[in-house]
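Quick note: the sequence shown uses numbering that gives the first Met the number 0, first residue 0, plus one each step. Notes for the one structure printed next.
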Amino acid sequence: MKSRVALVTGASSGIGLAITHALLSEGYSVVATSRRASQCASLAPSERLAVIDGDVARSETAERCVLEATRRFGALDLLVNNAGIFVARPFTDYTADDLSSLVATNLAGFVRCTQAALRVMQPARAGHIVSVSTSLATQPVAGVPSALPILIKGGIEAATRSLAIECAPQNIRVNVIAPGIIDTPMHRPETHAFLRGLSPAGRIGTTDEMVDALLYLDRATFVSGEVLHVDGGAHAGRWA
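Pasting the structure below:
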């Protein structure tokens, strides 16, 4: 049986790295990309792993990754739009550089990679796109002012619902995972006590739990247009 082929962005650390390793363990062939993917010691290229350095905001990165998936592995079954940055500030403190960086990575990256993937998936009449958002998009928290990244992530969730309808006739599914705080290098250990209080579960999530969500969605062939929260219930409402 031919293995499924995945493209994972932001693959060299945190959630993206965990997803890449999990997909390889599940028998997928994977194209892993990030700005410095080749410098990640645990992403050694292999028979089923292609590693590409690039900025997802640039169309050539998306096109190169999709071409590598189809040329080397023969297909593209799954795109994981994981690459992203998060900048939390009071709204009036956001700078022009903040705006440019967030739009480039979080928005343009989603658009470029999704377009490139769909151009392959639509003729094949099969595929699955999963983007990583944040539970803050539906349940903001007073201690984490982040309207600008929420603006973009919330837009991606809305676009996902639209794409799920648009792409259904081609048998392409489009979903979102919306995590709360996940234990990755993004969060310094000294912040963990505060971060645990941002979920009613009273703890930080793990990258393994994000992997579980991704694998569930990829196997759940009648699920599309879904926003799957992995946040210990934080999106459900006020708890403190």
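For every residue, glycine included, the Cβ atom is placed at its ideal position computed from N, Cα and C. All values derive from a computational prediction rather than experimental measurement.
Query: Ile84 versus Glu225 - alpha carbon distance; Result: 22 Å
Query: Cα-Cα separation between Ile203 and Leu77, rounded to whole angstroms; Result: 27 Å
Query: Nearest residue (CA-CA) to Ala235, options Thr206, Cys166, Ala177; Result: Ala177
Query: Cα-Cα separation, Ser289 to Ser37; Result: What the structure shows of the chain is the stretch from 0 to 239, and residue 289 is not part of that stretch, so it cannot be assessed.
Query: Ser33 beta carbon less than 8 Å from that of Gly13; Result: no
Query: Same chain, Cβ closer than 8 Å to Gly232, five either side skipped, listed in chain order; Result: Ser198, Pro199, Ala200, Trp238
Query: Touching by the beta-carbon criterion (3+ pairs, under 8 Å), the segment 168 to 187 and the segment 123 to 134; Result: yes
Query: Inter-residue spacing [alpha-carbon to alpha-carbon] between Ala56 and Arg111; Result: 7 Å
Query: Under 8 Å between C-beta atoms of Leu23 and Val29; Result: yes
Query: Three-state class that DSSP yields for Pro168 in the structure shown; Result: helix
Query: Stretch pair the segment 160 to 174 + the segment 209 to 229: three plus CB contacts closer than 8 Å; Result: yes
Query: Whole-Å CB distance - Thr190 paired with Ala82, under 8 Å assumed; Result: Wrong, their Cβ atoms sit about 22 Å apart, outside the cutoff.
Query: Three-way DSSP call (helix, strand, coil) for Ile203 in this model; Result: coil
Query: Inter-stretch contact at 8 Å, needing at least 3 Cβ pairs: the segment 133 to 142 / the segment 94 to 105; Result: no
Query: Residue from Ile180, Gln169, Gly142, Arg3 whose Cα sits closest to the Cα of Arg88; Result: Gly142
Query: Local Cβ density within 10 Å of Tyr27, reported as buried at 16 or more and exposed below that; Result: buried
Query: Three-way DSSP call (helix, strand, coil) for Ala49 in this model; Result: strand
Query: Helix, strand or coil at Pro148 according to DSSP, with G and I counted as helix; Result: helix
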